[in-house]
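Here the structure comes first, spelled out in structure tokens, and everything after it is commentary.
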Amino acid sequence: MDLSFGPEYEAYRAEVREFTAEWSAHAPLSHERAAEFRDRATERGYLYRGIPKRYGGSEREFDAFREAIVAEEFDASGLPWRLGAQGVGMIVPTLLEIGEEWQREKFIPGTLRGDYVWCQGYSEPGAGSDLASLRSSARLEGDEWVINGHKIWTSDAQDSNYMFGMFRTEPDAPKHAGISYLLLEVDQPGLEIRPLRQIDGAVHFNEVFFDDVRTPADWIVGKRGQGWQVARVNLKYERNLGGGSMMRRHFNGLLELARRSEIDGRPAIQDPVTRRRLAELEGYVRCVETTYMRQLSATANGEEQKVSLPILMNKLYGTDTREKIARLGYDLVGSDGLRAPAEEDLKIQSNTETVTGWVDQYLFSLAGPIAAGSSNIQRNIIGERGLGLPRDLRSPS
Amino acid sequence: MDLSFGPEYEAYRAEVREFTAEWSAHAPLSHERAAEFRDRATERGYLYRGIPKRYGGSEREFDAFREAIVAEEFDASGLPWRLGAQGVGMIVPTLLEIGEEWQREKFIPGTLRGDYVWCQGYSEPGAGSDLASLRSSARLEGDEWVINGHKIWTSDAQDSNYMFGMFRTEPDAPKHAGISYLLLEVDQPGLEIRPLRQIDGAVHFNEVFFDDVRTPADWIVGKRGQGWQVARVNLKYERNLGGGSMMRRHFNGLLELARRSEIDGRPAIQDPVTRRRLAELEGYVRCVETTYMRQLSATANGEEQKVSLPILMNKLYGTDTREKIARLGYDLVGSDGLRAPAEEDLKIQSNTETVTGWVDQYLFSLAGPIAAGSSNIQRNIIGERGLGLPRDLRSPS
Amino acid sequence: MHFGLTEEQELLQQTIREFAASELPAPKLRALFDEGSGHDPGLWAKSAEIGLAGLTVPESYGGAGLELLDLALAFEVLGESALPGPYLGHALAALAIAEGGSEDQKQRWLPRLASGEAIGTVALAERNNVWECADWRVEFRDGALAGEKEFVPYAQLADLTLVGTVGGGLAVLERDAEGSRVDAVDGVDRTRALGRLELTGARAEALPAPPGTAERVLDAGRVLLAADSFGGAWKLIETTAEYTRTREQFGTPIAQFQSVKHMLADAATEIEPARGLFWYAAYAWERLPEESPRAAATAKAHLTDRAADVSRTCVELHGGIGFTWECDVQFWVKRAMFNRTFLGAPSAQLERVADLGGW
Amino acid sequence: MHFGLTEEQELLQQTIREFAASELPAPKLRALFDEGSGHDPGLWAKSAEIGLAGLTVPESYGGAGLELLDLALAFEVLGESALPGPYLGHALAALAIAEGGSEDQKQRWLPRLASGEAIGTVALAERNNVWECADWRVEFRDGALAGEKEFVPYAQLADLTLVGTVGGGLAVLERDAEGSRVDAVDGVDRTRALGRLELTGARAEALPAPPGTAERVLDAGRVLLAADSFGGAWKLIETTAEYTRTREQFGTPIAQFQSVKHMLADAATEIEPARGLFWYAAYAWERLPEESPRAAATAKAHLTDRAADVSRTCVELHGGIGFTWECDVQFWVKRAMFNRTFLGAPSAQLERVADLGGW
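In structure tokens:
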């Protein structure tokens, strides 16, 4: 075990930090300058290491630590390097893994530059945990798919150029075998976006309605009826390493709150019950951090199979820990917990600076056990894939 | 709402208290004197109100408050009025409800006097939560049942004269329909009792092995194959009102412990985290108490249907509350939690006087979610009978 | 001995339940919630007609002359129905005047409060989580109030506000009195409006209340919040049970999944046995005054905490839709937040339970 | 950067695992447990042969010269196997002498400890839940010890005992020294014996330890208990998963009941992500000394608490049989109790986490 990065990586970190310092001097960056910043970062190999140069990547040797160093330093700088999770995070690796060559050439470069924004069309009102029961359909008419139906929980839909999604194309096939994975343009007649307001008042998601929406026949990833398998590839990227530093930042926000809140006339951080709850949380946060370190280290060493079990637990564990932080934060704001989240709290997710930001965190944490694979589904996965328990009894459907 | 008992009941309480004071003066009572004490108490109508005089009861009008007053005062006196739970508590009401006349005459008077001690033969190693899968069998040979098999969790077996139990008499009938409810003598060849040691070292239960054990053909309660229904009648009596005063006594023991334990050189009861946990427990204990009061009051007023829901919850709620008490108690004994329960702790269940008594309570509380209908089974019952949820998906057995 | 409800009490609950069902159908509640004022004059007037405004006001002053338990039972149904309106502050103002007002004050205010013609409220909280009388800092001197009160229910609407003052006094402030200013607070629970009250020499009149009156008002409020939480939590459990019976995933109602069933069973088991807590606390407030403060604190801490937990479970069991503004579950989630915080969070109440227990 | 195990470390664990499997088959563990001395000389000798007695003793003194992480990994497997024996006290005594002993003391003791010929232990606890050095009250004056130590592992068996003294000193007490008396304690965990040590002028020799040595011994012990708890809890989870796959009720393995599956999934999720806690704390003990006390306290509090919770879940999932003496689950239930309490309960460790965090 060796937790130091060593001189080579420390030098790399220094180099990255110098680069971010230069760009930070000009912050905030305009849309154009931001794109330029990412271009320069890519030229130096800081971004898109795993993506061939011909698609706009920097095509470097796999090095999880260099990736982690860049992520840490870029995050710390506040520079706009993270593009939409759906594009760079999901569709790009999916196309790299199983897309057609022309699809890669057409979609990846623009996505990496930030010109193409993507949204995701998976969930439906009747298909949440049981995603494979989705009913939005596409039928081939000549050289076009004609799409009808209704998707929900689509983030960034208004700002998107493209959507990737699952649609039922083989109505007679069994549930999982009847789905295809299609790409489509968002801005076209028949596609209607309706914002969906959250319980805290914020609007991050949409419903999308399809009324004879069209997309070319070859805008399909994988073969007809293989959409479920494609989505599994894709979801693998969605549920990637839950960053340990993110959880620590949230917890530090909570500590700050405990320092500036008062209980019985003294700082809450001196209140014995609060201290106890914070110290318990320190244990959970450190588990998140060290588990992240284990995963990073294993990935870097090509030993991912050694961390397959904790990877199954990332979502559930992260959800529970975030909920504990949010609940303690809500307690610490005391009577201000009667207030609604302010407009500014709804724009920044997890605002730790204001008391009403913590009211919002309390409400937002309600989504934790629901979104991106419910906690109960996670428990099934952990039990079945992690502990080798048999599948649930199912109705004979 | 009126929580006073009123002059009539207060006078009754005074009368009962006078009676217990007289007998307490002679405590501890010999076996014979104890029987005499119960006889006198029965003559005065303090005991066995619901049982006809011809079976040894006092045959009084139903009055839940008089019953409650007697129970409170007799408990407070420490006099030996409570006979084994299996006898007076279970088989007597069962025989009264569905026994044959000769069975009542033969078994009830001796049981009420304390001459007959009963044990229960329900659970088997392979039939716990799924009691109806029991396999111990009885076959009719001439005018006798011949019993073979293996029962477990039989308390008081060594001291018992009789056992009541469920045995499979119709091997070809469906699971629930193949069981009969038999009575048998414990002291006979082929019946072997093996004490079962608990995790805390105490021995309260036994296994009972049957090797061609015999009982007369008419020692059956209900008809052949109706044992499951008879047991349901019987279990109704087992899960009777969870006394609120009992929980308060346990909690008072915990408070005493918190007063005499030290944390950081001062009484634990002054430690803020301990106070918080105690105050939270006060809420739970008060819920148990007030729920008991609701049930008592509804029973007295013939409105039991109004408390059918809380009655379903008694077991689970009591278990959880007892566990919370036991765990806090274990924390309060501090380093002494390294010690094993002492012999004296194992004799008295829930000894709150000694530190090792709390170690024993911690261990004993492990049985809570298991014994007398596991917590998971309770949750199913609450969900299905209480909230109207559908039955679980079951394997097609 | 009777620890249960009378037929009259059951009828009272039934009446309010029917009132809410007919006067506050789901779309109307939704509209009121979205609009955000927490008040509908017509609804208030109709609820006063069935007596909701004056339940505990003595009959001689035009009220129903009932006890705190009856009021708490009404609040249980208000919680069930998420009924928007100034019921809490109004009820506490009426109790305060009935308990501690002069004959003149009673005659002046109680009949109007009982009829609902006047709306009352109480100004108790101050900055830094202050709720207890001993910590009040608003000065009342020479007939004038100076200081600030936070989180005053329906401060803008109330015809009279009972303002808690240094030393546990209560002073009657009339609407729009000079030297008083109200700022609306954007509250998380849109069924109950809140305001901030700034007092710079506003004229007011003290209640000649016997010592302990303000504490009794706080205790009563805690009982009512406990009752409201019970009603709300139970309503959510029933709503969610119904949802899980109808929502299908994997070809079956989700209620058939054992983990769903057990989450609901656990939620129900956290709530149902706590019904007696608010009953007992309400009874004690009337009949066992020495037990009342601790019983009220216990009921408030326990029930509002459990109801908040249950509201989270019920959102989870609704899945994604439960997280949306359009799902009615949010009404009870947010009422649970209000109930848990208002009049002092569970943490503070539990400390009182310990103190009052002599621990 | 490498936050994982080396091949050598995996091999070390594998070696101990195989040792336990071959030398401590279930009936033997059961027999040792029932017998209750917590010790089997043959088992100890054989474990010393594979190096278990001297893992961290420097090679120059006959040990394996490994680090605390390696020792913790060994303890993870000891926890898995519920291996009875004086490993904990012995390891801490060896660490104390290696860190704080004079050259003479090292030469005298370390080779014998490393070979297992001599058994070492540590006497740290005192009455009233005292574990921290700052609270020690045993006097060491003019070469003699006076006072009482509680809960000394294998006090009767140890050839040398490191006794914690006023001001955080450590003194070497030899077996059967005059003026020392040992009384056996009936411990709840029969895989680890305990004794009470009464000192009335017993001759002893101080370690010329640098300041902080005793604290480091405590920290190391906490890391080892955390590791032991991890191993034990994980073993219980695997055992229980296997049990639920085979135990049938209602015509199906109980693992198919979703609530059973979810209880196990939750238990596993409480434990697995905490593996890095003891890794990190062990690493910090060697390489990041300023972080070590807090990392050790965090690992001790978190892992021993979680393991105790998990042990309860696993009893419940075993049903009735899990509550019996004859079921092996009890070994880990009771080891979890020991680990949670020994060297200071989670409550005390969490307070240290807060203090050391500058909160």
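Residue numbers (our numbering), protein chains in the order written: chain A, 318 to 714; chain B, 318 to 714; chain C, 1406 to 1764; chain D, 1406 to 1764.
Cβ atoms here follow ideal geometry from the backbone N, Cα and C, with glycine treated the same way.
In chain order, what residues of the same chain lie with their CB nearer than 8 Å to the CB of residue i, ignoring the 5 residues before and after it?
{"i": "S1520(D)", "result": "A1453, A1458, G1459 and G1467"}
{"i": "L1612(D)", "result": "A1501, I1502, G1505, G1506, S1507, Q1510, L1567, G1574, L1575, A1576, V1577 and T1618"}
{"i": "N557(B)", "result": "Summary for N557(B): the model assigns pLDDT 49, below 50, so the residue's position carries little reliability; its value from the coordinates is reported in the next sentence. Hits under 8 Å: G406."}
{"i": "A1750(D)", "result": "N1534"}
Which residues of chain G have a Cβ atom closer than 9 Å to the Cβ of residue i, listed in chain order?
{"i": "W470(A)", "result": "Absent here is chain G; the protein component of the structure consists of chains A, B, C and D."}
So what does residue i bridge to, in DSSP terms?
{"i": "A1589(D)", "result": "G1600(D)"}
{"i": "L1552(D)", "result": "The sequence given here has Gly at residue 1552(D), not Leu. The partner list for G1552(D) (beta bridge, DSSP) reads L1604(D)."}
{"i": "V1543(D)", "result": "None; V1543(D) has no bridge partner."}
{"i": "R531(A)", "result": "V463(A)"}
{"i": "T337(B)", "result": "Looking at the DSSP assignment, T337(B) forms no beta bridge with any residue, so it has no partner."}
Is residue i helix, strand or coil by DSSP?
{"i": "V1568(D)", "result": "strand"}
{"i": "P1751(C)", "result": "helix"}
{"i": "Q695(B)", "result": "helix"}
{"i": "R583(B)", "result": "strand"}
{"i": "L396(B)", "result": "coil"}
{"i": "I537(A)", "result": "strand"}
{"i": "Y329(A)", "result": "helix"}
{"i": "N523(B)", "result": "strand"}
{"i": "R656(B)", "result": "strand"}
{"i": "S497(B)", "result": "strand"}
{"i": "P1558(D)", "result": "strand"}
{"i": "E599(A)", "result": "helix"}
{"i": "Q515(A)", "result": "strand"}
{"i": "Y647(A)", "result": "helix"}
{"i": "M318(A)", "result": "coil"}
Hey, is residue i close to the ligand GDP, as in C-beta under 7 Å from one of its heavy atoms?
{"i": "V1593(C)", "result": "Annotation note on the ligand GDP: not contained in the displayed structure, which lists no ligands."}
For residue i, which residues of its own chain have a beta-carbon under 6 Å away from its beta-carbon, when the five flanking residues on both sides are left out?
{"i": "G559(A)", "result": "Unreliable placement is indicated for G559(A), whose pLDDT of 49 sits below 50; no coordinate value is reported for it."}
{"i": "P1658(D)", "result": "R1650"}
{"i": "T673(A)", "result": "R656, P658, A659 and D662"}
{"i": "G1484(D)", "result": "D1633, G1636 and G1637"}
{"i": "F681(B)", "result": "D517"}
{"i": "I694(B)", "result": "S446"}
{"i": "L513(B)", "result": "F522, N523 and E524"}
{"i": "Q420(B)", "result": "L412"}
{"i": "A444(B)", "result": "S450 and L451"}
{"i": "L1437(C)", "result": "D1445 and P1489"}
Within the same chain, show all residues whose beta-carbon is closer than 7 Å to that of residue i, passing over the 5 residues directly before and after it, in chain order.
{"i": "R485(A)", "result": "L451, R452, S453, S454, G495 and I496"}
Residues in the segment 1546 to 1565 of chain D with C-beta within 7 Å of chain C's C-beta atoms, listed in sequence order? Cβ contacts with chain C come from no residue of the segment 1546 to 1565 of chain D.
Taking only runs that begin and end inside the segment 1448 to 1527 of chain D, name each unbroken alpha helix (DSSP H) of 4 or more residues, in chain order. 1473 to 1486, 1492 to 1505 and 1508 to 1520
Using a Cβ-Cβ cut-off of less than 8 Å, list which residues of the segment 683 to 697 of chain B approach chain D; keep chain order. L683, A684, P686, I687, A688, S691, S692, N693 and R696
At 4 residues or longer, and completely inside the segment 1715 to 1751 of chain D: list those alpha helix (DSSP H) runs for me, N to C. 1734 to 1746
Where the segment 447 to 468 of chain A meets chain C: residues whose CB sits under 8 Å from a CB there: D447 and S450
At a CB distance below 7 Å, what residues from the segment 1657 to 1669 of chain C approach chain D? Give them in sequence order. F1662, Q1663, S1664 and H1667
For the segment 579 to 607 of chain A, which residues have a beta carbon sitting closer than 8 Å to at least one beta carbon of chain B? D588, P589, V590 and R593
If you scan the segment 1651 to 1708 of chain C from start to end, which runs of the alpha helix (DSSP H) of 4 or more residues do you find wholly inside it? DSSP runs (the alpha helix (DSSP H)) wholly in the segment 1651 to 1708 of chain C: 1663 to 1676 and 1680 to 1692.
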